[in-house]
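Each remark here refers to the structure printed beneath this line.
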Amino acid sequence: MSWDNSAASIATLLTLDDISKAAQEPPKPGATTPVLALSAQARTKGYDLVCLPLTTDKWKKRWEEMCILPNGTDLDADMAAERRAEAWRAKPGFLLDEVTITQLEEAEGATVLISDWLELDAADDWVRHDAEIALKQELAYASYLNIHSAILPPPRSREYVSSYARTVNACLKNSPYMHLSIRLPIYNPSVLEAHLSPLPGSPRRSPSPVPGTPRLIVPDERGTETASGNLDGTWEMWDVIRSICDYSTRLTLTLDLTPPLPVKSGFLSKWKAEAIRHLFLPSSTFIANTKGYPVLPKGTQSFIRESMTHRPVVILAGANLGLHSLGGELAYSQYLRHLEKTSPAVQAALTSGTVENFAQGYQDYLQAPLQPLMDNLQSVTYQTFEQDPVKYHNYEEAIFQALVDWPHQDKIVLCVAGAGRGPLVARSISAIDRSGRDAVVYAVEKNPNAYVTLQGRKEAEWGPKVTLLFGDMRFIDVPEQADILISELLGSFGDNELSPECLDGAMRFLKSDGISIPSSYTAHLAPLQSSKLYNEARAGKEEKSVETPYVVMFQAVNLLSGDGGGTNGRCGPQIQECWEFEHPRRDAVLNERGLPLTNSHNARSAKLDFSIPHAGVLHGLAGYFEAVLYGNIGLSIHPHRKDRISKDMLSWFPLFFPFKEPLYLPSNSELQVSIWRLTNERQVWYEWHAEAFMNLVAPPPENDIPASPRSATSFANGGSFFASPPRNIPSPLIDANGDAFSFDRRSSLREPVDAGSRLIKIGHTSLHNPGGRSSWIGL
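Going by full-length UniProt numbering, the first residue of the sequence shown is number 1, and it counts up by one from there.
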């Protein structure tokens, strides 16, 4: 889908006050209810959708009267309230004045806000129980009106977030066609010191937060109050919720952009790998520019531009309040459209010749790699690859440079091994013409269908300059040995389409001083977070679907690793090299036909150490390659180097190695990734595994780590987020440092580090694809 018909949508938030005011006005033609009138008005203002609360304050009042018992001695009144509550629990339902929407027409194009006073994570069991019944009642009513998307209030308590998540999971099971979105701020910048004033009541209730004067009270590592925020706290709550909900594809995020965002910060990058469906943006987040028009702070601008890859629904709240002197209500949505148009992702997608434009519709779409030796490619597949001008330009330049560098007195023999439909043959002839050298070209191809195309091109274009040879390059005999051997057998990981094995056979007809193009290639890896790719990989239901590497155009992903760092600086860069293949290989043991006796020389392994600066979840590994064609001319899909080597090259998307189970990685942890390229006489396959470690310094005494007080944060324009700061509870592994455990703890330690610190293992994955049981490339 292109950006022209799939741009981000903008919704306006209708409040209960808006609906109440509209109810006082005379009905308009075609808008017989307040909600219909407001929806029609929103469309005239250019909004795509409306977002509104599903229930009124009368529903809240009735629920509280039934479910929160006041303190007192009137037992008869208590029993009457309890009877009403039991009757409601048995058959939950609304009264007419307790809901804002009653007609299908009102619900069309609407996203509803579930009552934000429902405490699904209250400390009191009865309050949680009744809040869950109320939530299911609201979702059932929304489903009755054919509403498919509802935004849930945020969790308030880190301590009881698992109860919140269990309830959400139950609702997903109960409402199979409903998409639920959790509203959360990106981080908790300042936890307000709330004066929690409990209403008089029995123990079967939970206090309602009443914010007092705000000041920064965020716990540091000792549990004391400091002026710095816990930046990963809300993401960790989200991670608990979506994990308990088993990564449901109907569970998404509504990110509340009320708090200001830093211009550059690594902790923000994890959110782009999450399932963002809405961005909640109150008008109070905007600031006035020098002319008085509303604009967003630079950090929020950058985040919204980057988030456009998700095509979110941006919910504008309070745009009609007149907080800025110029521009009026429309200035906010016009400014958001400007941010969308200037988003680098949108601009790249709309620019012809870019990878983003070429890959429209393939973002985060899993594709099985090719089986080049087992299968014969279709013509349309060749055609897709041939659309890449950058790759073939670089190939031609490499061939041209090799021709220029060859001694002038010699006639030069070129051989294209794996000619396909002939793009490299054509580029070779072009390079020969440019160089003015005396040269001939042999073209070898095993695909009988592509060989027909080659015959047609020889007759129409190349004539006697080219000699065609039909057969497998590993076994065919060539009339004369080549000075320059040219091939395009590379895969997304360099060697994953058997380039080493194919070229082992083709080296038989390369002279001892000959040139191979490419001359070498390297494979690279980085740890990756992406709930989308994780869900896509496990959608196959069978084990092989999560033990198969996939070709993917990455979009909603986050590379978890940092550059360097780790204990004693042991960790490498963000993306690390696994291994290299060089051609021609001089040290292989060959038989009488010039072929290797076994394929063992093409086996490889790597053990890579990555630093993890910010908390995240490992869902897989991102694989890339880089190739040297000749001299300083190459090909690369390495994210940090591709624009300098082969900008806008289209032929290869990265490779994704999935993990069966997500592995949580805390901030400042280390990840050790092991990967193997293995082979037998029939197959080549990969196996992969990961282990996580924490650098442990002497643990603090347990009594120095008190639980944090319950606090609350309040956001303007109807936004609210109530959250307890995460408590600094020591890891069980740290607590186990005493003599109570009799087993030898050295088995979980990496090599010694600085005195007073050591690496403790905190988790690992299983070994994936052992023996090539799920995925392999056939020889």
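We put the CB at the ideal spot given by N, CA and C, even for glycine.
Which residue comes first and which comes last in the alpha helix (DSSP H) that contains residue i?
{"i": "Thr111", "result": "Here Thr111 belongs to no alpha helix (DSSP H); instead the beta strand (DSSP E) covers 110-113."}
{"i": "Val441", "result": "Where Val441 is concerned, there is no enclosing alpha helix (DSSP H), although the beta strand (DSSP E) it sits in stretches over 439-445."}
{"i": "Trp688", "result": "Element bounds for Trp688: not the alpha helix (DSSP H) but the beta strand (DSSP E), 683-697."}
{"i": "His179", "result": "Not the alpha helix (DSSP H): His179 falls in the beta strand (DSSP E), residues 179-185."}
{"i": "His393", "result": "389-405"}
{"i": "Glu306", "result": "298-307"}
{"i": "Val99", "result": "Here Val99 belongs to no alpha helix (DSSP H), and DSSP marks it neither H nor E."}
Given a cut-off of 8 Å on the beta-carbon distance, is the pair residue i and residue j in contact?
{"i": "Ala348", "j": "Thr354", "result": "yes"}
{"i": "Val295", "j": "Ala8", "result": "no"}
{"i": "Pro662", "j": "Ala537", "result": "no"}
{"i": "Ala368", "j": "Thr548", "result": "yes"}
{"i": "Leu257", "j": "Phe280", "result": "yes"}
{"i": "Ile133", "j": "Pro92", "result": "yes"}
{"i": "Arg311", "j": "Leu339", "result": "no"}
{"i": "Leu533", "j": "Asp364", "result": "yes"}
{"i": "Ala450", "j": "Val466", "result": "no"}
{"i": "Gly514", "j": "Pro464", "result": "no"}
{"i": "Val425", "j": "Val441", "result": "yes"}
{"i": "Leu528", "j": "Val557", "result": "yes"}
{"i": "Leu595", "j": "Gly505", "result": "yes"}
{"i": "Arg421", "j": "Phe400", "result": "no"}
{"i": "Gln182", "j": "Leu69", "result": "Position check: residue 182 holds Ile in this sequence, whereas Gln was assumed. The answer is no: Cβ separation not under 8 Å."}
{"i": "Gly778", "j": "Leu373", "result": "yes"}
{"i": "Ala526", "j": "Ser561", "result": "yes"}
{"i": "Pro282", "j": "Gly327", "result": "no"}
{"i": "Ser243", "j": "Ile276", "result": "no"}
{"i": "Gln683", "j": "Trp579", "result": "no"}
Give every residue of the same chain whose Cβ lies closer than 8 Å to the Cβ of residue i, excluding the five residues on either side of it in the sequence, and list them in chain order.
{"i": "Leu490", "result": "Glu497, Ser499, Pro518, Tyr521, Phe625, Ala627, Leu635, Trp652"}
{"i": "Arg89", "result": "Asp130, Ile133"}
{"i": "Ser379", "result": "Arg421, Asn449, Ala450, Thr453"}
{"i": "Asp57", "result": "Leu16"}
{"i": "Phe693", "result": "Ser669, Glu670, Leu671, Gln672, Arg750, Leu759, Ile760, Lys761, Ile762"}
Under DSSP, the beta strand (DSSP E) around residue i begins and ends at which residues?
{"i": "Leu377", "result": "No beta strand (DSSP E) holds Leu377; DSSP gives it neither H nor E."}
{"i": "Ala253", "result": "According to the sequence displayed, residue 253 carries Leu and not Ala. Start and end: 251-256."}
{"i": "Trp579", "result": "576-582"}
{"i": "Thr522", "result": "520-529"}
{"i": "Asp513", "result": "510-517"}
{"i": "Leu674", "result": "Looking at the sequence shown, residue 674 is not Leu but Ser. From DSSP, the beta strand (DSSP E) with Ser674 extends over 669-679."}
{"i": "Arg277", "result": "276-282"}
{"i": "residue 782", "result": "Lying before the first or after the last residue shown, residue 782 is absent from the chain, which here runs from 1 to 779."}
{"i": "Ile633", "result": "633-636"}
{"i": "Cys415", "result": "412-417"}
Beta-carbon within less than 6 Å of residue i's beta-carbon, same chain only, minus the 5 sequence neighbours each way: which residues are those?
{"i": "Arg437", "result": "Leu403, Ile412"}
{"i": "Asn320", "result": "Glu329"}
{"i": "Leu261", "result": "Gly299, Thr300, Phe303"}
{"i": "Ser516", "result": "Leu485, His583, Pro584"}
{"i": "Glu138", "result": "Leu54, Ile114"}
{"i": "Val589", "result": "Leu597"}
{"i": "Ser162", "result": "none"}
Residue i CB to nearest chain C CB: under 8 Å?
{"i": "Thr309", "result": "Among the protein chains of the structure shown there is no chain C, as only one such chain exists."}
Only counting the same chain, and skipping five residues up and downstream in sequence, which positions put a Cβ closer than 7 Å to that of residue i?
{"i": "Ser731", "result": "Its pLDDT being 36, under 50, Ser731 is placed unreliably by the model, and the measurement read from it follows with that caveat. Nothing meets the Cβ criterion."}
{"i": "Ser206", "result": "Residue confidence is low: Ser206 scores 37 on pLDDT, short of 50, so the model does not pin down where it sits. Its coordinate-derived value is still stated next. Here the set comprises Glu119, Ala122, Ala123, Asp124, Val127."}
{"i": "Ala273", "result": "Gln529, Ser530, Ser531, Ala556, Val557, Asn558"}
{"i": "Asp388", "result": "Met649, Leu650, Ser651"}
{"i": "Thr33", "result": "Gln103, Glu106"}
{"i": "Met66", "result": "Ala81, Arg84, Ala85, Trp88"}
Quick check on the DSSP output: what are the complete beta strand (DSSP E) runs of length 3 or more inside the region 116-154, in order along the chain?
Here the runs fully enclosed are 149-152.
Counting Cβ pairs, one atom from each stretch, are 3 or more of them under 8 Å apart for the region 150-159 and the region 92-110? Output reads no: the region 92-110 does not touch the region 150-159.
ask   = Which full runs of the beta strand (DSSP E) of 3+ residues lie inside the region 3-80, going along the chain?
value = Those beta strand (DSSP E) runs which fall completely within the region 3-80 and span 3+ residues are 9-13, 49-53.
*Would you mind listing the beta strand (DSSP E) stretches within the region 547-616 that are 3+ residues and don't spill past its ends, in chain order?*
Secondary structure within the region 547-616: the beta strand (DSSP E) runs of 3 or more consecutive residues, fully enclosed, are 576-582, 604-612 (chain order).
Using a Cβ distance threshold of 8 Å, determine whether the region 80-100 contacts the region 38-47, with at least three qualifying pairs required.
With fewer than three CB-CB distances shorter than 8 Å, the region 80-100 does not count as touching the region 38-47.
- Stretch-stretch touch, CB-based, cutoff 8 Å, three pairs: the region 603-618 with the region 571-578: By the Cβ test, the region 603-618 is in contact with the region 571-578, since at least three Cβ pairs between them sit closer than 8 Å.
- Specify whether the region 6-25 and the region 50-58 touch according to this definition: at least 3 beta carbon pairs, one from each stretch, less than 8 Å apart. Per the Cβ contact rule, the region 6-25 is in contact with the region 50-58 (3 or more Cβ pairs under 8 Å).
- So does the region 466-481 actually touch the region 574-583, counting three or more Cβ pairs closer than 8 Å? With a cut-off of 8 Å on Cβ pairs, the region 466-481 is not in contact with the region 574-583, counting fewer than three such pairs.
- Query: How about the region 662-673 and the region 615-623: do they share at least three Cβ pairs that are nearer than 8 Å?
  - Reply: The answer is yes - the region 615-623 touches the region 662-673, with three or more Cβ pairs under 8 Å.
*Identify every run of the beta strand (DSSP E) within the region 463-518, keeping only runs that are complete inside it and at least 3 residues long; order them along the chain.*
Entirely contained in the region 463-518, the beta strand (DSSP E) runs reaching 3 residues are, in chain order, 466-470, 482-487, 510-517.
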